[in-house]
Every structure is written in structure tokens, then in C-alpha cells.
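Undergrad: Starting off with a structure, shown below.
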Amino acid sequence: MSEPRANGPELSVEVWRGRAEGRFQTYRVPLRPSQTVLDVVTYVQRRIDPTLSYRFACRVGMCGSCAMMVNGAPRWTCRTHVARVAKDRRLRLAPLRNLPVIKDLAADMTPFFDKWREAEARFLPSSPRAAATARIPPADPERAAADAAIECIGCGVCHAACDVVAWQPDYLGPAALNRAWTLVNDARDADRRAHLAAVAGDAGCHACHSHQSCATFCPKGLNPTASIAGLKRASALALLAGRL
Amino acid sequence: MSGPARWRNHPGYGAFVVHRVSGLLLALFLPAHLYVLGLAIEGEAALDSFLRWTEAAPVKLAEAGLALLLAAHLAGGLRLLAIEFLPWTDRQKTLLALAGGFSAFAALLFLLNAL
Numbered sequence: 120m121s122e123p124r125a126n127g128p129e130l131s132v133e134v135w136r137g138r139a140e141g142r143f144q145t146y147r148v149p150l151r152p153s154q155t156v157l158d159v160v161t162y163v164q165r166r167i168d169p170t171l172s173y174r175f176a177c178r179v180g181m182c183g184s185c186a187m188m189v190n191g192a193p194r195w196t197c198r199t200h201v202a203r204v205a206k207d208r209r210l211r212l213a214p215l216r217n218l219p220v221i222k223d224l225a226a227d228m229t230p231f232f233d234k235w236r237e238a239e240a241r242f243l244p245s246s247p248r249a250a251a252t253a254r255i256p257p258a259d260p261e262r263a264a265a266d267a268a269i270e271c272i273g274c275g276v277c278h279a280a281c282d283v284v285a286w287q288p289d290y291l292g293p294a295a296l297n298r299a300w301t302l303v304n305d306a307r308d309a310d311r312r313a314h315l316a317a318v319a320g321d322a323g324c325h326a327c328h329s330h331q332s333c334a335t336f337c338p339k340g341l342n343p344t345a346s347i348a349g350l351k352r353a354s355a356l357a358l359l360a361g362r363l
Numbered sequence: 138m139s140g141p142a143r144w145r146n147h148p149g150y151g152a153f154v155v156h157r158v159s160g161l162l163l164a165l166f167l168p169a170h171l172y173v174l175g176l177a178i179e180g181e182a183a184l185d186s187f188l189r190w191t192e193a194a195p196v197k198l199a200e201a202g203l204a205l206l207l208a209a210h211l212a213g214g215l216r217l218l219a220i221e222f223l224p225w226t227d228r229q230k231t232l233l234a235l236a237g238g239f240s241a242f243a244a245l246l247f248l249l250n251a252l
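Chains B and X, in that order, give the protein sequences.
Mapping of the first sequence onto the working numbering: position 10 corresponds to residue 129, and the numbering continues sequentially without gaps.
Mapping of the second sequence onto the working numbering: position 105 corresponds to residue 242, and the numbering continues sequentially without gaps.
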């Protein structure tokens, strides 16, 4: 398919093509008002090069599918406006950092979600489904701590922003640890000590260097660094109390 | 593949770099420090001769740099301990500014005393 000719302003878009080995290919894309980075990728795939692979689903910042490296920073592309990140009309798009590349802009999220499992980051029910709904005051300090961290959409932006993930491949990473923090603070969970024990090892919360890149780039405005700091305090106190 | 490392473009990462670099430079300085202390064992004259050399202005300036490294590493370390052992505060940039201000103040105070 040949590249359509456009009148008016254009973007110069470099897109990663290939897997771990590959190269950037440059496309010219018409600049539009209120255009998102995902709009640009979709234009390239639908109008210029149908062999381009990328991932998206909801287009409204809910599903966490479309994150990529945009001009060197991890972003959710469906809600990242071109006008905000490409003031010189140049975009450089690559698959999310710290993950294997499936093809082009599609990163393999398997290692990311494997770490959630390794962190025991799943709710362990303490009462059967038929039991009455647990009554937990919203102002309860533990509930407030969990609420502050609960809205993660699993996009992997924090994982890509974290240098500790790059330096220590078995590090559980900000997303899994953030989820573990919500469970450590969940009064309904059956074994909160197990969640803490799973993240207190060498690859867990104490490996975090508090760079705060995760908090800086989280598109949902969450603060995994604060959650990890909470896990550090909780695990240190549990150790002193002989509970770990 | 991802281009410029813009995921590092924020104050928290800058604080990490300052803490790491100051720590490495202080570690490199430590053998020199221990060597000078060792001169005292060898004899009074050797130590006095070295101490006279440290009175020179360029050496005093370098010592002010050392004071800056020490203060920056101390303040950065206290900031990290505050993150890890005190309840979280969203005023992280304020903490960074305080750490930077303390470091500059300590180095200038050293320089004023040395002059």
C-alpha cells in the first residue's frame, strides 16, 4: 500500500519495526487537532503499512493495553495527546521497555503478570461468597491506604519506567508490589502475612531505590513508590515483632 | 530501542544520581583520608608537612567540594530514611529542595570558615 499524500502539517513518526533486533521506520502522518498517539499508530497501520503490529482495546484509558515508549518515556497512548509530547512534530515510538518484544510495538506482558503471581498479589477470601458483605468504614486508615492504590489498570507503564526492573530482572516491580500493598491493607483477606512474606525477599519491596519514576509516569496518578515504602515499613515491623 | 531515557527526567531520579555519585566519590576519597591518618603514626613531622599543604587555597576549595559531597550524601540518606520509615508525604520536591539547600549551606559554611 502506498503512502497517501497529505496536504497541511505533518508529523514525522519513527516506529520500531522488528523484535529485539529491528530498526526504526519513518512515516509521515497528517497532524490533526486533539490527535492522540494511538490515533497516529492506527493511521500508520490502516493507511500506510498494514503489517504494523500494536495493541489496543478500549481507547479510553480503561484497559491498559496500548502503553508504549513515546519519545523515550512510557505512556498510555490512547490518552496521550500528540500536541503535548511532540512539540517539534516528531514522534519516536517503541514497545514498552523492560519486556520482551513480540513484534513492532507489541510487548510481551507475560513476565509483567508473572510477577503479580510471584508477589502473591491476589485476594485470598476469608469468608464464603454467600456471606454478608463485609462492613469496612471508608475512613479506616487501612482501607484509605488500599483505596489510594487500587485503581491500577495493569498497563505496565510503571514497569517500563523502573530502572530497578532493568537492573535486577527478578525484581517484582512497582505494579505487583502496589497490588500487594492493597491486599496487606485489606481486612477481608484471609492471609495478609503471606502477602507480606511474598514481597519481603531480595526481589521484593526492599530492592526499590525510591527513584519514583513509577509514580511520575503512572497514567492513573497512583504512587507505587508510596505503596512500596508502606511494604518496607510493614515488613520491617513484622520482622521486629517476630511475625515474618 | 526506546530512544532518549526520558523516564529518568524527574527530580527523584536526579536525587538518586546525586546520592549514588556522592557515595562513590566519598568511597574513593576514603583511602586518601585513611592514608593521612596513617601519617600520624609515622611521625609528627610527616603529618605536619601534609597539613601545611592543605592550607593552600586550591586544597581548601577541594575540601569544600568534599563537604558538599558529605552533606549531599547525608541529606539524601536522611531523605531516603524518611521515605522508608515515616508515613508517606506528597511533599517530595520540598524534601529534595531542603536536602539541596542543606548541602549548599554546609559547603558554604565550610568555605567561610576556611577562608
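Here a beta-carbon is modelled for each residue, glycine too, at the ideal position from N, C-alpha and C.
When you compare the CB of R352/B with every CB in chain X, is at least one pair closer than 8 Å?
TA: It does: the Cβ of R352/B has a partner Cβ on chain X nearer than 8 Å.
Undergrad: Just tell me which of Q154/B, Q287/B and L296/B has its CA closest to the CA of L130/B.
TA: The shortest C-alpha separation from L130/B is found at Q154/B.
Undergrad: Given a limit of 7 Å on CB to CB distance, which residues of the segment 184-218 of chain X reach chain B?
TA: Within the segment 184-218 of chain X, the qualifying residues are L217.
Undergrad: If we cut at 8 Å on Cβ distances, does Y150/X have a partner in chain B?
TA: Yes, Y150/X counts as interfacial toward chain B.
Undergrad: Taking 8 Å as the CB-CB cut-off, is I220/X touching chain B?
TA: So, interface residue.
Undergrad: For a contact defined as C-beta to C-beta under 8 Å, what are the partners of P193/B on chain X?
TA: Correct list: W144.
Undergrad: Please name the residues in the segment 334-346 of chain B whose beta-carbon is closer than 7 Å to at least one beta-carbon of chain X, in chain order.
TA: Under the 7 Å Cβ criterion, the segment 334-346 of chain B contributes T335, F336 and A345.
Undergrad: Which one of L363/B, G349/B, K339/B and P257/B has the shortest CA to CA distance from V183/B?
TA: Per the sequence presented here, residue 183/B reads as Gly, with Val not at that position. Nearest of L363/B, G349/B, K339/B and P257/B to G183/B, Cα basis: K339/B.
Undergrad: Looking at L224/B: is its Cβ nearer than 8 Å to the Cβ of Y173/B?
TA: Yes, they are a contact pair.
Undergrad: Look at the Cβ atom of N217/B, then the Cβ atom of A285/B, and state whether they are nearer than 8 Å.
TA: A contact, by the Cβ cut-off of 8 Å.
Undergrad: Can you give me the C-alpha to C-alpha distance between F143/B and L232/X, rounded to a whole angstrom?
TA: Cα to Cα, F143/B sits roughly 40 Å from L232/X.
Undergrad: Give the residues of chain B in contact with H147/X, contact being defined as C-beta atoms less than 8 Å apart.
TA: Result: Q331, S332 and T335.
Undergrad: Going along chain B, which residues have a C-beta under 9 Å from P141/X?
TA: Here the neighbours are N190, G191, A192 and R211.
Undergrad: List, in chain order, every chain B residue whose beta-carbon is nearer than 8 Å to that of F153/X.
TA: Those are H328, S329 and H330, listed as they occur along chain B.
Undergrad: Would H147/X and S332/B qualify as a contact pair, given that the criterion is a beta-carbon distance under 8 Å?
TA: Yes.
Undergrad: Only counting the same chain, and skipping five residues up and downstream in sequence, which positions put a Cβ closer than 6 Å to that of E133/B?
TA: Excluding sequence neighbours, E133/B sits near F143, T145 and R211.
Undergrad: Once DSSP output is grouped into helix, strand and coil, what is the label at Q144/B?
TA: In this structure, Q144/B counts as strand in the three-state DSSP scheme.
Undergrad: Give me the Cα-Cα distance between F231/B and A360/B, rounded to the nearest whole angstrom.
TA: If you take the alpha carbons of F231/B and A360/B, they lie about 32 Å apart.
Undergrad: Identify the residues that DSSP records as bridge partners of K222/B: which are they?
TA: K222/B pairs with A225/B.
Undergrad: Helix, strand or coil for T199/B per DSSP?
TA: Here T199/B sits in coil by DSSP.
Undergrad: W225/X by DSSP, collapsed to three states: which one?
TA: In the structure shown, W225/X sits in coil (DSSP, three-state: anything other than H, G, I, E or B).
Undergrad: Could you tell me which residues DSSP pairs with R211/B in its beta bridges?
TA: Note: R211/B sits in a beta bridge opposite E133/B.
Undergrad: Step through the CB atoms of chain X and report whether any lies within less than 8 Å of the CB of A348/B.
TA: True, the Cβ-Cβ gap to chain X drops below 8 Å.
Undergrad: Less than 8 Å between the CB atoms is what I'm expecting for W144/X and A192/B, so what's the real figure, rounded?
TA: The Cβ separation is near 5 Å, so the contact holds.
Undergrad: Check whether chain X comes within 8 Å of A319/B, counting only Cβ atoms and requiring the distance to be less than that.
TA: False, the Cβ-Cβ gap to chain X never drops below 8 Å.
Undergrad: Return the first residue and the last residue of the beta strand (DSSP E) that V189/B is part of.
TA: Segment A186 to V189, the beta strand (DSSP E) holding V189/B.
Undergrad: Is the Cβ-Cβ distance between E364/B and L296/B less than 8 Å?
TA: Coverage of chain B is limited to positions 120 through 363, which leaves residue 364/B absent and any answer about it impossible.
Undergrad: Counting contacts by CB-CB distance shorter than 8 Å, is A357/B in contact with chain X?
TA: It does not; no Cβ of chain X falls within 8 Å.
Undergrad: Work out the CA separation of P152/B and V159/B for me, nearest whole Å.
TA: If you take the alpha carbons of V159/B and P152/B, they lie about 12 Å apart.
Undergrad: Which chain X residues are close to A280/B, counting only those with a beta carbon under 7 Å from its beta carbon?
TA: Correct list: W144.
Undergrad: DSSP three-state call for R178/B: helix, strand or coil?
TA: Note: R178/B maps to coil in three-state DSSP.
Undergrad: Alpha carbon to alpha carbon, how far is L302/B from A208/X? Give it in angstroms, no decimals.
TA: Rounded to the nearest angstrom, the two C-alpha atoms are 39 Å apart.
Undergrad: Would N190/B be called buried (16 or more neighbouring beta carbons within 10 Å of its own) or exposed?
TA: N190/B is buried by the Cβ-count criterion.
Undergrad: Roughly how many angstroms separate the alpha carbons of T161/B and N342/B, rounded to a whole number?
TA: Whole-angstrom Cα-Cα distance: 30 Å.
Undergrad: With DSSP run on the structure shown, which of helix, strand or coil describes R248/B?
TA: Reduced to three states, the DSSP call for R248/B is coil.
Undergrad: From the DSSP output, which residues share a beta bridge with D308/B?
TA: D308/B pairs with P244/B.
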